[in-house]
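Following: one structure in structure tokens, then a few remarks.
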Amino acid sequence: MSEALKGNDYAKGSKRSDEQKKEQSGRSKRMWEDQDLKEKASERMKGNNFAKGSVCSARERQARSERLKKKWEDPNFREKAIRPKDHYRMMVEKSHTKENRLAHSEFMKGNKFTKGHKFSLERKLKHGLIMKRKWQDSKHRKYMCEVLSEAQKKKWQDPVHRETQIKAIMDGLYIIPNRPERVLFGILNSLFPGEWEFTGDGQKKQVCGKAPDFQPADDRKLIIEMFGDYWHTRPGSKERDVKRIRLFEKNGYKTLVVWDTELKDTELLKFKLKEFACQPS
252 MSEALKGNDY AKGSKRSDEQ KKEQSGRSKR MWEDQDLKEK ASERMKGNNF
302 AKGSVCSARE RQARSERLKK KWEDPNFREK AIRPKDHYRM MVEKSHTKEN
352 RLAHSEFMKG NKFTKGHKFS LERKLKHGLI MKRKWQDSKH RKYMCEVLSE
402 AQKKKWQDPV HRETQIKAIM DGLYIIPNRP ERVLFGILNS LFPGEWEFTG
452 DGQKKQVCGK APDFQPADDR KLIIEMFGDY WHTRPGSKER DVKRIRLFEK
502 NGYKTLVVWD TELKDTELLK FKLKEFACQP S
């Protein structure tokens, strides 16, 4: 048998042309459309040692184990066997070009697993259980968290992606000026009509991914922050606020902090606002 197959086109290592592959594929599809042939093949597989549910003898298992051990000694085989474990990391970290994405999109259009394909409820439940068991493994969970974290960090370095995500977060929060901010905004409009804007919702302007409460409508690098005594005197708040103001200063912005208790003395507050707003930025 071995001698007979040496000259065969389908022997191990032979390479078939694309036309031969298409021809073979067409023959297989036409044969498989025959219902009688499918039933006969199914009956033959029921008695197969490798069919679903079959139990191998201890001798067969030992022989298979020895064969795998010999294969594992081959560095090429070992590298191919280990490589799929890093497949997801490679997919996440690889930066595809626009041409690659378009080519992959065209290739996937005729694929049965593209958008619109519906899996059965049984398959969904089975897949869900598999993923839950994987996630219970602490090593797998730690590995996946590291992969996803690194991927998000790389995405966040893109200014366009960062601005889009911040805008989406702000839209979801639906931030509107609170009462102290509305009072302060009214005072600003009375002193400088139309010159200042509420930017605390992050919609109009942002500074280094932050949304200061008030900024000038023009290009002056001035910021007014409205601090509430309750929220900005809690443990850890002072350090966070100092870090925020230093970030603004690092990018050339001057910041004025107005506390809600200062709203009681409007005359003193107006003097403070005029002095700050009229300085050269």
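Count along the sequence shown starting at 1, add 251, and that's the number in this note's numbering.
C-beta: ideal position from N, C-alpha, C; glycine also.
The structure presented is a predicted model; accordingly, all values stated were derived computationally and were not measured.
- Note on geometry: alpha-carbon atoms of W323 and E330 lie some 9 Å from one another.
- The DSSP-derived three-state label of P486 is coil.
- Between L376 and M395, the alpha-carbon positions lie close to 21 Å from each other.
- DSSP, read as helix, strand or coil, puts P431 in helix.
- When beta bridges are read from the DSSP output, F449 appears opposite F465.
- 8 Å or more divides the Cβ of I417 from the Cβ of Q387.
- G445 is positioned such that its CB atom lies no closer than 8 Å to that of E432.
- Just measuring C-alpha positions, the residue of G479, W482 and G503 sitting nearest D470 is G503.
- Contact between the region 520–527 and the region 487–497 is not established, with fewer than three Cβ pairs separated by less than 8 Å.
- As a beta-bridge residue in DSSP terms, F478 pairs with W510.
- In this structure, Q408 is the residue among Q408, F443 and K360 with its C-alpha nearest to the C-alpha of C459.
- Your pair A468 and W447 checks out as a contact, with CB atoms roughly 7 Å apart and the cut at 8 Å.
- One alpha carbon belongs to E270, the other to A354, and they sit about 23 Å apart.
- In the three-state reduction of the DSSP assignment, K456 falls in the coil class, being assigned neither a helical nor a strand state.
- In the three-state reduction of the DSSP assignment, K375 falls in the helix class, which pools H, G and I.
- If you draw a 10 Å sphere on the C-beta of T512, you find fewer than 16 other C-beta atoms in it, and that means exposed.
- In this structure F465 is not in contact with F478, their Cβ atoms being roughly 12 Å apart against a cut-off of 8 Å.
- Looking only at I438, A332, E373 and R374, the smallest Cα-Cα distance to D516 is reached by I438.
- Contact check for F499 and I475: beta-carbon distance about 11 Å, past the 8 Å limit, so the pair fails to qualify.
- Residue nearest to E518 within the set K505, L507, L442 and P531 is L442 (criterion: CA-CA distance).
- Take the alpha-carbon of R310 and the one of S316: they are about 10 Å apart.
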